[in-house]
Amino acid sequence: MTSDDDLAQMSLSDLRDERVRLQADDDRVSYARRAVQSRLDIVRAEQDRRAHGGDADGDVTGGLRRVLSQQLTGGPARPPRDDGADIASSAEVRRLDELCAAGGFSHLAELDDESVAALEADLAQLEREVSSDRRERFARIDALSGELVRRYRDGAADIDGVSADDLRS
């Protein structure tokens, strides 16, 4: 993360542009995180089905619509800021797809318990990594917002030039 001194050296325009860029990136990372979490939920549901003696021919995808509608759309959360962004084909989502393909996600019910456990562990690790990236992004956005507020409060920036985005954090 950039230090407060580095932020103080940035132009007002650069501060705003960087924050907008990071907010758009957050849409991508947030979508990827929800995609990872939805697949992780499905794998864990399969583990739970097996642990509780569910039907051997059973399939956990019956609840797939519920899982995907909650995770991928973010439920009642805000929609992506940039409808034109191709967030579903981000590097994180491609990595998720590769991990699931290698782990046999598409034929989950046919995997042995060890393979399901390995897939769960891989997905959980990816979820931790994506969540960490998102937390770092939020910290950076907060720092940029704080610097913008400081400039307006201290008179270093003209309040007449404040944009609606400057008020949003």
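Going by our numbering, the sequence shown opens with residue 29, and the numbers climb by one from there.
Quick reminder that beta carbons are idealized off the backbone N, C-alpha and C, glycines included.
Computed from a predicted structure; not experimentally measured.
So residue i packs on residue j, CB below 8 Å; how close in whole Å?
{"i": "E148", "j": "R61", "result": "About 17 Å; that fails the 8 Å criterion."}
{"i": "V158", "j": "E126", "result": "Contact doesn't hold; Cβ gap of about 14 Å is too wide."}
{"i": "Q65", "j": "E155", "result": "6 Å"}
{"i": "R56", "j": "S118", "result": "5 Å"}
Cβ atoms of residue j and residue i: under 8 Å apart, would you say?
{"i": "L172", "j": "L35", "result": "yes"}
{"i": "R168", "j": "L50", "result": "yes"}
{"i": "D150", "j": "G174", "result": "no"}
{"i": "L136", "j": "E74", "result": "yes"}
Enumerate in chain order the residues of its own chain whose CB-to-CB distance from residue i is below 7 Å, with the five nearest sequence positions on each side excluded.
{"i": "D45", "result": "none"}
{"i": "D53", "result": "R165"}
{"i": "A247", "result": "Outside the shown range of the chain, which is 29 to 197, sits residue 247, and nothing can be said about it."}
Between which residues of its own chain and residue i is the CB-CB distance below 8 Å, once the five residues before and five after are set aside?
{"i": "V144", "result": "V71, E74, Q75, R78 and L136"}
{"i": "R47", "result": "I169, L172, S173, L176 and D193"}
{"i": "S134", "result": "C128"}
{"i": "A146", "result": "G131"}
{"i": "R106", "result": "With a pLDDT of only 46 at R106, under 50, the local geometry of the prediction cannot be trusted, and the value read off the model is given with reservation. Excluding sequence neighbours, R106 sits near nothing in its chain."}
Once the 5 residues before and after residue i are set aside, which same chain residues still bring their CB inside 6 Å of it?
{"i": "G81", "result": "none"}
Decide if the stretch 35-44 is in contact with the stretch 122-140; the criterion is three or more beta carbon pairs, one per stretch, under 8 Å apart. no
With a cut-off of 8 Å, do at least 3 Cβ pairs link the stretch 51-65 to the stretch 173-184? no
Could you pull out every unbroken beta strand (DSSP E) segment of at least 3 residues lying fully inside the stretch 108-151, listed in chain order? none
Length at least 3, wholly inside the stretch 33-91: the beta strand (DSSP E) runs in chain order: none
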